[in-house]
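Chains S and L, in that order, are what the protein sequence lines are.
Take 1 as the starting number for the first sequence in the numbering used here and just add one per residue.
Take 1 as the starting number for the second sequence in the numbering used here and just add one per residue.
Think of the CB as a built atom: it goes at the ideal place given N, C-alpha and C, for glycine as much as any other residue.
Protein chains: 2
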Amino acid sequence: MDVKRYMQTLGKQAREASRAIARAETNQKNRALLAMAAAIRRDAAKLLEANARDMEHARNAGYDSALLDRLQLTEKTVVGMAEGLEQIAALPDPIGEMTDLKFRPSGIQVGKMRVPLGVIGIIYEARPNVTADAAGLCLKSGNAAILRGGSEALHSNQAVAACVREGLEAAGLPAAVVQVVETTDRAAVGELITMKDYVDVIVPRGGKGLIERITGEARVPVIKHLHGNCHVYVDDRADLAKAVKIVENAKTQRYGTCNTTESLLVARAVAATVLPEIGRMLAGKGVEMRGCPEALAILKGAAVAENKLKAAVEADWYEEYLGPIIAVKVVDGLDAAIEHINTHGSQHTDAIVTEDYGRARRFLREVDSASVMVNASTRFADGFEYGLGAEIGISTDKIHARGPVGLEGLTSQKWVVLGDGHVRG
Amino acid sequence: MDVKRYMQTLGKQAREASRAIARAETNQKNRALLAMAAAIRRDAAKLLEANARDMEHARNAGYDSALLDRLQLTEKTVVGMAEGLEQIAALPDPIGEMTDLKFRPSGIQVGKMRVPLGVIGIIYEARPNVTADAAGLCLKSGNAAILRGGSEALHSNQAVAACVREGLEAAGLPAAVVQVVETTDRAAVGELITMKDYVDVIVPRGGKGLIERITGEARVPVIKHLHGNCHVYVDDRADLAKAVKIVENAKTQRYGTCNTTESLLVARAVAATVLPEIGRMLAGKGVEMRGCPEALAILKGAAVAENKLKAAVEADWYEEYLGPIIAVKVVDGLDAAIEHINTHGSQHTDAIVTEDYGRARRFLREVDSASVMVNASTRFADGFEYGLGAEIGISTDKIHARGPVGLEGLTSQKWVVLGDGHVRG
C-alpha cells in the first residue's frame with residue numbers, strides 16, 4: 001500500500017467534505033449525531049465482538065493491563081458512547097454565531113462570525129470511545145475529521161466508524177466528513193501531521209511520548225496536552241478544614257487523571273498546624289509523600305507513617321506521578337508559591353486555598369496556568385465540569401485554546417464587514 | 001560572538017521580564033508608552049541621523065528603491081511613531097478582563113481571564129517604525145518582546161530601542177520587557193524561532209519568502225501573514241454603480257498593500273453590462289487586465305485600450321500582483337465564485353457586490369477567508385479600520401487569530417474557578 005497516496009486521498013476527501021459540513025444546518029448535523037447514537041445502540045453486540053478480537057490480540061501481544069483496561073469496551077461504555085453523541089446533539093451550535101457587529105466611523109459595520117477550523121486530525125491510542133467522541137465534536141463544530149486510532153483498537157474503531165458513517169449518510173452528509181485511517185502503518189501518522197494543504201489542526205491524545213513526537217514532527221498546528229503537574233498551595237490565611245478537604249479530593253479522588261494534584265505547597269507560617277492533619281489523611285489513603293526537609297521534619301514529628309515519607313529530590317517538583325505519590329514543600333508564602341508553580345509546573349491547573357481576598361486575586365492573576373482556582377479542587381479542570389458539554393482534550397498551550405477544549409476550541413472567528421457601497425477614503 | 005548563547009540570554013531575560021509586565025498595572029504600562037513617545041519626539045534629530053547612516057549604507061550596498069523607501073524615516077514618520085504609541089496608551093487594557101463567570105451545578109463559579117501570551121518574537125524587515133509599534137503593542141498587552149529587525153535598519157532600530165528603553169525605565173519597568181537583537185548574524189533568527197522555553201509566539205512581518213522560511217523552521221507557534229490574493233465578486237444582483245466604485249477603490253487606492261484586490265469575478269448574466277465600464281475605468285488608471293477568454297472578448301468589444309488587456313494563464317488566479325494588474329474572470333454565478341475563491345484565494349479578504357440578501361448571507365458564511373465583506377472595498381481589512389486601534393499584522397492562519405491582529409490577538413484566555421472549599425463528587 002502506498003501510504004502517502006492513501007493519506008493524500010483521505011486529505012483531499014476531507015477538505016472537500018469540510019466545505020459541505022461547514023455549511024450544513026444545525027438540524028442536519030444533529031440528525032447525523034442522533035442516527036450515529038442509534039446505530040451504536042443497535043450494534044452494541046457487534047461492537048463488543050469487534051472489541052473482543054482486539055482484546056484477544058492485545059493479550060496475546062502481551063500488552064500491559066493499563067492498556068487492556070483502556071481498550072476494553074463494555075455494554076456500559078458502548079451506551080456511554082451513544083449518550084455522548086446525544087449530548088453533543090443537544091449542545092448549541094457554535095457555527096455561524098455573529099458577535100460584536102459595530103458601526104465604524106467609515107460607515108461599515110464590522111463584527112465576527114464563528115466558523116469551523118476545517119479539517120481536524122485526531123491521533124489517539126487504545127480507547128475506542130474516542131472515535132465516537134471525536135467524530136461527534138468535529139461534526140457538530142462543522143469540521144471534517146481524520147481519525148487515527150491505535151493499531152491495537154483497529155477492529156473496535158472500524159466498528160464504531162461504520163456506525164458513524166451510517167449516521168452521516170442517514171442525514172445526507174458526505175461519509176468523508178469523518179474518515180478513519182484504516183492502515184496501521186505508522187507512516188500514516190507522519191503523513192497526517194505534515195499535510196498542510198489538507199489538515200488545519202492536529203489534536204493528539206495520548207501519553208507524553210506520543211505528544212512530544214507529534215509536536216516535534218508536525219508541520220500542521222497542534223492543540224496539545226503535554227502533562228499535568230498540578231499544585232495546591234495552602235496559604236497561611238487558609239481555612240484549615242477546606243485545605244484538608246481540597247487536598248484529599250485533588251490528590252486522591254482519582255490518581256491517573258491529568259488534573260490530579262501532584263505537588264502540595266504549604267506556607268511556612270501554617271505548616272506545623274496544617275501538615276500533620278494532611279499528612280495523616282494522605283498516609284491513611286496510602287499516598288507516599290516526598291517532602292522537602294522542613295516538610296519531612298514536621299510530618300515525622302506528627303506520627304505520619306514513616307514508610308509513606310521520603311525525601312524529595314529536585315526531579316520531584318516537576319513530576320506527574322499519575323499515582324499515589326505527592327511532592328510536599330514548605331514555602332515562604334504567596335510569592336514563593338507563585339514562583340515555584342510558574343517554574344516547576346506544567347501550566348495545567350493550580351489552586352490556592354486562602355481566605356485572603358488580595359492573595360486570591362494575585363494568585364489568579366499571576367499563576368500562568370490554563371486553569372487557576374481559589375478554594376476548589378484541581379479535579380474540576382474538565383470540560384463537563386466547566387459546562388462545555390464535552391471535551392476533545394485539555395490544552396496546555398497558550399495559543400488558540402487553553403485548558404479544556406470543547407466545541408468552541410474547534411472553531412475560529414472570521415471578520416465580517418457589511419457595507420452599502422462603502423470604499424476606503 | 002556566540003549567537004546561541006546570546007539569544008538564550010535574551011530569552012531568559014525576556015521570560016523573567018514577561019512575569020513583571022504581566023502583572024504591571026494599566027497606568028504603569030501607559031506611563032511607559034507615553035514616556036517612549038516623549039523620548040522619540042525629543043530625539044527626532046538623533047533618529048533621523050541614525051536612519052541617515054542606514055540609508056547611506058543601503059544605497060552603497062545597492063538595495064532597490066522599494067527597500068530604501070521602507071527604510072527611510074522622515075520627520076513625519078518619526079512623529080507618527082510617537083503618535084502610534086500615544087494611541088496605544090489610549091486603548092483599553094485587555095489584560096485581566098474576566099468574562100462569562102457562571103455558577104455550575106457543582107457550586108463552583110467558572111469563567112475566563114484574559115492574559116498575555118508571554119514572550120513574543122517579532123521578525124521584520126527594513127521599516128524601523130515597526131520597532132516602536134511592536135514594542136508598544138506587546139507592552140500594552142502585557143507581553144515581553146524580542147525584536148529582530150532587518151540588518152539594513154540596525155542603527156535606526158537601535159535609536160528607537162533607546163527611546164523604548166528610556167520609557168520602560170521611566171515607568172519603573174524592567175528594560176528587558178522589550179529587547180532588540182543587536183547582532184545582524186542570521187543565526188539569531190534560527191535561534192529565536194526555536195527557543196520554545198523562552199518564546200511563546202513568533203510574528204514575522206515581511207515578504208512571502210521570509211514568512212515561508214520562518215514557518216518551515218520554527219518550533220514555536222507562528223502568527224503569520226502569507227499573502228493577500230483578495231477578490232471582488234460582482235454578482236448578477238449587484239448595483240452597478242456600487243460595483244464600479246468598489247472595484248476602483250479595492251484595486252487602485254493603493255497597489256502595494258495586502259488587502260488590495262487582485263482578482264475580479266463577474267457573474268455571466270451581468271458581465272456584458274458591467275465589464276465595459278469597469279474595464280474603461282481600470283484602463284484609464286493604467287491597470288492591466290488579465291482576463292479569461294470570455295472577459296477578454298467583452299473588454300475588447302468595449303473599446304478598452306488593447307495594450308491593457310492580456311490573456312490570463314492559470315497562475316494568474318493565484319497571483320498577488322502588488323501592482324497595477326488585475327485578473328478578471330467571468331463565472332456562472334455565486335456557487336462558482338465561492339468555489340473559485342476557496343480554491344485560488346489566500347484566505348485573506350474577499351468581497352461580494354450584491355443587493356440579494358440570501359446570496360450575501362451565503363457568501364459571508366461559505367467563503368473561507370479571514371475577512372468576508374458585502375458591498376465594501378477589500379481595502380477596509382485593516383486593524384485601524386476595524387477599530388482595533390493598531391495592528392501587529394494580519395493573520396492568514398485559522399488557529400488563534402484570524403485577520404487583523406491587535407492587542408487581543410497577543411493575548412490568551414485562561415480559566416478561572418472560584419470555590420469555597422468545593423471538591424469534585
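Who are residue i's beta bridge partners in DSSP?
| i | result |
| --- | --- |
| residue 349/L | 371/L |
| residue 247/L | None; residue 247/L has no bridge partner. |
| residue 414/L | 113/L |
| residue 146/S | 121/S, 179/S |
| residue 234/S | 266/S, 353/S |
| residue 261/S | 230/S |
What are the boundary residues of the alpha helix (DSSP H) that residue i is part of?
| i | result |
| --- | --- |
| residue 84/S | 75-90 |
| residue 136/L | 129-140 |
| residue 66/L | 65-71 |
Any idea what DSSP makes of residue i, helix, strand or coil?
| i | result |
| --- | --- |
| residue 40/S | helix |
| residue 173/S | coil |
| residue 423/L | coil |
| residue 93/S | coil |
| residue 25/S | coil |
| residue 252/S | helix |
| residue 53/S | helix |
| residue 186/L | coil |
| residue 61/L | coil |
| residue 358/L | helix |
| residue 167/S | helix |
| residue 151/S | helix |
| residue 409/L | helix |
| residue 32/L | helix |
| residue 106/S | coil |
| residue 161/S | helix |
From which residue to which residue does the beta strand (DSSP E) around residue i run?
| i | result |
| --- | --- |
| residue 17/S | Run containing residue 17/S: none in the beta strand (DSSP E); it sits in the alpha helix (DSSP H), 3-22. |
| residue 99/L | 98-103 |
Residue i: buried (16+ other C-beta within 10 angstroms of its C-beta) or exposed?
| i | result |
| --- | --- |
| residue 216/L | exposed |
| residue 259/S | buried |
| residue 380/S | buried |
| residue 357/L | exposed |
| residue 156/S | buried |
| residue 140/S | buried |
| residue 166/L | buried |
| residue 430/S | For chain S, the structure presents residues 1 to 425; residue 430/S sits outside this window and is missing. |
| residue 84/L | buried |
| residue 171/S | buried |
| residue 65/S | exposed |
| residue 313/S | exposed |
| residue 251/S | buried |
| residue 295/L | buried |
| residue 81/S | buried |
| residue 101/L | exposed |
| residue 311/L | exposed |
| residue 129/L | buried |
| residue 363/L | buried |
| residue 75/L | exposed |
| residue 221/S | buried |
| residue 261/L | buried |
| residue 224/S | buried |
Relative to the ligand FAD, is the shortest distance from any of its heavy atoms to the C-beta of residue i smaller than 7 Å?
| i | result |
| --- | --- |
| residue 396/S | Among the ligands in the structure shown, none appear at all, so the ligand FAD cannot be discussed. |
Which runs of the alpha helix (DSSP H) fall wholly inside the segment 192-232 of chain S and span at least 4 residues, in chain order? Runs of the alpha helix (DSSP H) spanning 4 or more residues and lying entirely within the segment 192-232 of chain S occur at 208-217, in chain order.
What alpha helix (DSSP H) runs, 4 residues minimum, are completely inside the segment 267-346 of chain L? Inside the segment 267-346 of chain L, DSSP marks whole alpha helix (DSSP H) runs of 4 or more residues at positions 268-284, 293-301, 334-344, from first to last along the chain.
Taking only runs of the beta strand (DSSP E) that begin and end inside the segment 370-407 of chain S, which ones reach a length of at least 3 residues, in chain order? Assignment of beta strand (DSSP E) within the segment 370-407 of chain S, counting only whole runs of 3 or more residues, yields 371-376, 393-395, 403-405 in chain order.
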